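Numbering (my numbering), first residue to last: 21 to 366. Glycine included, C-beta positions come from ideal geometry on N, C-alpha and C. Computed from a prediction, not measured in an experiment: that's the story for all the values here.
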Amino acid sequence: MGRKQNDAEPGRYATLILLLIGAVSCTLVYTLATVAFGPGWGGSGSGSLKLTEGVGSGDNAEGEFGVESGECCRGIDNLELWGPAVKWGTDFKFNSSVECCRACKAMCGGNDGPCLCDTWVYCGNKEACGSKFGECWLKKQKDSLAPDRQEAGQTVIWTSGLVYGKGEGIIGLETEYGTMHIKLYPDCAPYSVSYILELLALRHCAGCQFHRAESRGQFWDSQGNHVPNAPFGPPFALIQGTLEAQGTPFRKAPKEACPTIRRGTIAWVGSGPEFFISLAQHEEWRREYTAFGSVLPEDMSIAERIAQLPTKWEVWNSINVSVLEKPVPLALRRIKTSNSDVRSES
21 MGRKQNDAEP
31 GRYATLILLL
41 IGAVSCTLVY
51 TLATVAFGPG
61 WGGSGSGSLK
71 LTEGVGSGDN
81 AEGEFGVESG
91 ECCRGIDNLE
101 LWGPAVKWGT
111 DFKFNSSVEC
121 CRACKAMCGG
131 NDGPCLCDTW
141 VYCGNKEACG
151 SKFGECWLKK
161 QKDSLAPDRQ
171 EAGQTVIWTS
181 GLVYGKGEGI
191 IGLETEYGTM
201 HIKLYPDCAP
211 YSVSYILELL
221 ALRHCAGCQF
231 HRAESRGQFW
241 DSQGNHVPNA
251 PFGPPFALIQ
261 GTLEAQGTPF
271 RKAPKEACPT
281 IRRGTIAWVG
291 SGPEFFISLA
301 QHEEWRREYT
311 AFGSVLPEDM
321 SIAERIAQLP
331 TKWEVWNSIN
341 VSVLEKPVPL
351 ALRRIKTSNS
361 DVRSES
């Protein structure tokens, strides 16, 4: 009996040691994800990166983002988007905005043409909506990159959202090294995409730039897959910049869809306007950053080229980071698209 007692003691200590190692590993990954972006970087080093709890979103982005079912069906509260109706809400009602959103997506799943629905408008506050409660209006915008707004504000009883199908919702991120075509995800990050569309309408983005560039190094392969047993950085396999036009105040983005960061994902650092484009699959950053779009695969060579530009070392939160010696200005451009084809607007 005494011998059995002695045998159990090492086993119990071994379990405790394994648990301790697991906790340390998780803490290390979280720390790397946090310090990788330093103090909410805009070049000044002011402020800190604060991660807040939130949930993701996404149906059509489910395969690409790895998000949970139903998460990417988000809209903006107290906003009524206008436009010709393809389904009248007086005869088309649901119990939730997610169901309304999915009804719009159901009209946007084919590969043989543009979406029949790209806008949904739902009334979900039973007291405020009265007889309109549950109404789901499905609409088609004349220009989905400049949706027609009827009204917005606390007195508006509607929640509205956008849906971009294949070949739609693509904008250009123009640099001197080429234009990256960006697929936006308004159903996953509607507030973030709304801000991007505002910048797009300005036709300039003075002050927008890339200022940090870190290659994949030896830690990720050419497809962005992490090399087994390799560190997670530095370098951290990303290019980082700011999306805040001079003269246009930035509204902090709320925490929205935070899926696994994949090669090509575009996400905010904290609440923005700092953002990054990932050059690798960063599964270790799961649910840390709001993702609002992705670079089309054929344009990732441009991001890789920027990552190879001359840099200098700086220290953020005791971590070495690679900052561009000469920032790369960028601008947002409208793109004409047709399902499988994307080309710059003349």
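Simplified DSSP state of residue i, which is helix, strand or coil
i: Tyr-142; result: strand
i: Cys-10; result: As displayed, the chain neither begins before 21 nor continues past 366, which places residue 10 out of reach and without an answer.
i: Cys-135; result: coil
i: Ala-148; result: helix
i: Ile-177; result: coil
i: Thr-51; result: The predicted position of Thr-51 is uncertain, since its pLDDT is 49 and thus under 50; no value can be drawn from it.
i: Ala-233; result: strand
i: Val-213; result: helix
i: Glu-218; result: helix
i: Ala-172; result: strand
Neighbourhood of residue i by C-beta distance below 8 Å, restricted to the same chain and skipping five residues each side
i: Val-176; result: Asn-98, Leu-99, Glu-100
i: Asn-26; result: Unreliable positioning characterises Asn-26 in this predicted model, as indicated by a pLDDT of 36, which lies under 50. The coordinate reading is nonetheless provided below. Once the five neighbours on either side are set aside, Asn-26 has no close Cβ partner at all.
i: Pro-349; result: Thr-195, Glu-196, Cys-228, Gln-229
i: Gly-267; result: Ala-226
i: Asn-145; result: Phe-153, Ile-177
i: Lys-346; result: Leu-329, Pro-330
i: Glu-218; result: Thr-268
i: Phe-112; result: Ala-123, Glu-155, Cys-156, Trp-157, Leu-158
Extent of the continuous alpha helix (DSSP H) to which residue i belongs
i: Pro-347; result: Here Pro-347 belongs to no alpha helix (DSSP H); instead the beta strand (DSSP E) covers 339-349.
i: Ala-226; result: Segment: none, Ala-226 is in no alpha helix (DSSP H) and carries neither H nor E.
i: Ile-202; result: From DSSP, Ile-202 is part of no alpha helix (DSSP H) but of the beta strand (DSSP E) over 198-204.
i: Lys-107; result: No alpha helix (DSSP H) holds Lys-107; the beta strand (DSSP E) holding it covers 105-107.
i: Glu-119; result: 117-125
Status (buried if at least 16 other CB within 10 Å, exposed otherwise) for residue i
i: His-224; result: exposed
i: Thr-280; result: buried
i: Leu-316; result: exposed
i: Thr-110; result: exposed
i: Lys-159; result: buried
i: Pro-206; result: buried
i: Ser-321; result: exposed
i: Pro-330; result: exposed
i: Lys-162; result: exposed
i: Ala-323; result: buried
i: Leu-69; result: With a pLDDT of only 27 at Leu-69, under the threshold of 50, the placement of this residue in the model should not be trusted, and no figure is reported.
i: Glu-308; result: buried
Residues near residue i by beta carbon distance below 6 Å, same chain, minus five either side
i: Leu-263; result: Cys-228, Pro-293, Phe-295
i: Asp-13; result: The chain is shown from 21 up to 366; residue 13 falls before or after that span and cannot be answered.
i: Met-127; result: Leu-136, Cys-137
i: Val-213; result: Leu-204, Pro-206, Phe-312
i: Gly-244; result: Arg-283, Ala-300, Gln-301
i: Trp-157; result: Ala-105, Gly-109, Val-141
i: Trp-102; result: Asp-168, Gln-170
Host beta strand (DSSP E) of residue i (start-end)
i: Thr-195; result: 190-195
i: Thr-110; result: Where Thr-110 is concerned, there is no enclosing beta strand (DSSP E), given that its DSSP letter is neither H nor E.
i: Trp-102; result: First-last for Trp-102: undefined, no H or E at that position.
i: Val-335; result: 331-336
Own chain residues within Cβ distance below 7 Å of residue i, not counting five before or after
i: Leu-193; result: Thr-199, Met-200, Ile-202, Leu-350, Leu-352
i: Glu-334; result: Val-341, Val-343
Fully enclosed by the stretch 260-325, which beta strand (DSSP E) runs are 3 residues long or longer?
285-288, 294-298, 311-315
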